[in-house]
Amino acid sequence: MKLYLVRHGQTDLNKARRFQGRINVPLNETGREQAQKLALRLSSEPLDKIYASPLSRVQQTAEIIRSNYQIDITTSEELVEMSFGSLEGKTFEEINGIFPGWDHAVFDFTFAGGEKLDDIVIRIKSFLDELKKQDENSNILVVTHSGCLRVMLCLLMDIDVNKWWQFKIDVASLSVVSNVTQGAVLTLLNDTSHLNGG
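If you want the working numbering, it's the position in the sequence shown, counting the first as 1, plus 488.
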């Protein structure tokens, strides 16, 4: 099984460096262009299935990619972004002012009204467990959020989930994990060459 892992394209909140979490914002013009470039990049890949978070920025990205295929998008609540509660919509600088050092100990923080990292780990593990029951020769596209992708990579690569924040996952990036059911191999990480004509 081969997984193509994609983060959604840019939104206005991404551009302003604000935490989105569960805020349901659409792609901006740049984000739509990024998704189109990503779709072109993936157009020669033999995708069998597409899974996506229910949030609009992900659905829009997945739909643009799907336009090259005759397959439906399966929406999964397990792929929704981590809830950051009262911190959603705030800038990174504002959050640093409220919780100094939070970015070095995200695993230990539970933001007011937000979700624990343990919760997202349970969701993503459940998603992967179901995915692994499918045909081992499947090529599957997963379009979701940076938090989900970081946790997913830790689980797939058998890396301590406490280190999830050490993965850099840019908007409209592509990561690829091969041989998922028999000892995962990370063959591409956070690639954005398609955004620069590469």
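Ideal Cβ placement from N, Cα and C applies to all residues, glycine included.
Computed from a predicted structure; not experimentally measured.
Rounded Cβ spacing between residue i and residue j (contact assumed at less than 8 Å)
i: His633; j: Arg495; result: 7 Å
i: Ala600; j: Gly573; result: 5 Å
i: Glu565; j: Pro542; result: 6 Å
i: Tyr539; j: Ile657; result: Incorrect: roughly 17 Å between the Cβ atoms, too far for contact.
DSSP state of residue i mapped onto helix, strand, coil
i: Lys651; result: helix
i: Val639; result: helix
i: Thr680; result: coil
i: Lys503; result: helix
i: Leu575; result: helix
i: Ala523; result: helix
i: Leu543; result: coil
i: Ser452; result: With the chain running from 489 to 686 in the structure shown, residue 452 is simply not present.
i: Arg611; result: helix
i: Val668; result: helix
i: Arg495; result: strand
i: Leu619; result: helix
i: Ile561; result: strand
i: Phe583; result: Note on residue identity: the sequence assigns Ile, not Phe, to residue 583. Three-state result, Ile583: helix.
i: Leu674; result: strand
i: Leu535; result: coil
i: Ser634; result: helix
i: Leu662; result: strand
Residue i to residue j span [Cα, whole Å]
i: Val668; j: Thr518; result: 32 Å
i: Lys621; j: Lys490; result: 13 Å
i: Asp536; j: Arg506; result: 34 Å
i: Ser571; j: Gly635; result: 10 Å
i: Ile552; j: Val649; result: 31 Å
i: Arg611; j: Glu603; result: 11 Å
i: Thr675; j: Met645; result: 11 Å
i: Asp560; j: Arg554; result: 8 Å
i: Leu619; j: Thr562; result: 12 Å
i: Asn684; j: Ser531; result: 17 Å
i: Pro588; j: Glu582; result: 10 Å
i: Glu624; j: Ala504; result: 41 Å
i: Thr579; j: Ser626; result: 39 Å
i: Leu605; j: Gln558; result: 35 Å
i: Ser681; j: Val609; result: 29 Å
i: Lys651; j: Asp607; result: 16 Å
i: Ser661; j: Arg529; result: 11 Å
i: Asp679; j: Met640; result: 16 Å
i: Pro534; j: Gly509; result: 31 Å
i: Val513; j: Gly497; result: 11 Å
Distance CB(residue i)-CB(residue j) smaller than 8 Å
i: Ala523; j: Asn556; result: no
i: Val687; j: Ser663; result: The first residue shown for the chain is 489 and the last is 686, placing residue 687 beyond what the model contains.
i: Leu637; j: Leu493; result: yes
i: Val546; j: Val659; result: no
i: Gly577; j: Ile511; result: yes
i: Lys613; j: Leu575; result: no
i: Leu515; j: Gln548; result: yes
Closer than 7 Å: residue i CB and nearest the ligand SAM heavy atom
i: Gly509; result: In terms of ligand content, the structure shown is empty, and the ligand SAM therefore cannot be addressed.
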